[in-house]
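Working notes for the structure below.
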Amino acid sequence: ELSLPVTVVRILLDDLHVMGRITARHPRVAASHSELPDSELLKEVLHGLRKL
2 ELSLPVTVVR ILLDDLHVMG RITARHPRVA ASHSELPDSE LLKEVLHGLR
52 KL
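Read in order, the letters of the sequence shown correspond to residues 2 to 53 in this note's numbering.
Right under this line is the structure:
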(Lines of atoms letter the chains of each structure in order from A and count residues from 1; the text may use other names and numbers.)
(Lines give C-alpha, C1' and ligand atoms only; values in the text may rest on other atoms or scores of the structure.)
Protein backbone atom coordinates (compact mmCIF):
# COMPACT_ATOMS: atom_id res chain seq x y z
CA GLU A 1 0.00 0.00 0.00
CA LEU A 2 1.04 3.58 -0.54
CA SER A 3 -0.02 4.53 2.99
CA LEU A 4 -1.09 8.00 1.86
CA PRO A 5 -4.23 9.74 3.09
CA VAL A 6 -7.04 9.80 0.54
CA THR A 7 -6.99 13.60 0.46
CA VAL A 8 -3.31 13.61 -0.53
CA VAL A 9 -3.94 11.10 -3.31
CA ARG A 10 -6.87 13.18 -4.61
CA ILE A 11 -4.70 16.31 -4.68
CA LEU A 12 -1.88 14.47 -6.47
CA LEU A 13 -4.29 13.03 -9.04
CA ASP A 14 -5.89 16.43 -9.60
CA ASP A 15 -2.48 18.04 -10.13
CA LEU A 16 -1.51 15.32 -12.62
CA HIS A 17 -4.82 15.81 -14.43
CA VAL A 18 -4.37 19.59 -14.64
CA MET A 19 -0.83 19.12 -16.02
CA GLY A 20 -2.16 16.73 -18.67
CA ARG A 21 -0.18 13.77 -17.30
CA ILE A 22 -3.30 11.65 -16.81
CA THR A 23 -6.79 11.64 -18.27
CA ALA A 24 -10.11 10.82 -16.67
CA ARG A 25 -13.08 9.20 -18.34
CA HIS A 26 -16.15 7.21 -17.42
CA PRO A 27 -15.45 3.48 -17.14
CA ARG A 28 -16.72 1.31 -19.93
CA VAL A 29 -18.26 -2.08 -19.44
CA ALA A 30 -16.38 -5.01 -20.91
CA ALA A 31 -18.61 -7.02 -23.22
CA SER A 32 -16.69 -10.21 -22.55
CA HIS A 33 -13.84 -11.65 -20.50
CA SER A 34 -11.51 -11.33 -23.50
CA GLU A 35 -11.93 -7.53 -23.43
CA LEU A 36 -10.68 -7.23 -19.86
CA PRO A 37 -7.14 -5.87 -19.35
CA ASP A 38 -4.35 -8.41 -19.07
CA SER A 39 -3.81 -9.30 -15.41
CA GLU A 40 -0.01 -9.15 -15.81
CA LEU A 41 -0.27 -5.59 -17.12
CA LEU A 42 -2.44 -4.63 -14.15
CA LYS A 43 0.11 -6.17 -11.78
CA GLU A 44 2.91 -4.17 -13.42
CA VAL A 45 0.90 -0.95 -13.10
CA LEU A 46 0.19 -1.68 -9.44
CA HIS A 47 3.88 -2.43 -8.83
CA GLY A 48 4.86 0.84 -10.50
CA LEU A 49 2.37 2.81 -8.41
CA ARG A 50 3.73 1.25 -5.24
CA LYS A 51 7.25 2.37 -6.18
CA LEU A 52 6.17 6.02 -6.39
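Here a beta-carbon is modelled for each residue, glycine too, at the ideal position from N, C-alpha and C.
Just so you know, these numbers come straight off a predicted model, no measurement behind them.
A direct Cα-Cα distance of roughly 34 angstroms separates Ile12 from Ser33. For Leu42, same chain residues with a beta-carbon under 7 angstroms away, outside a window of 5 residues either side, do not exist.
Residue range Ser40 to Lys52 is occupied by the alpha helix (DSSP H) that includes Ser40.
Between the alpha carbons of Val30 and Asp16 lies a distance of about 27 angstroms.
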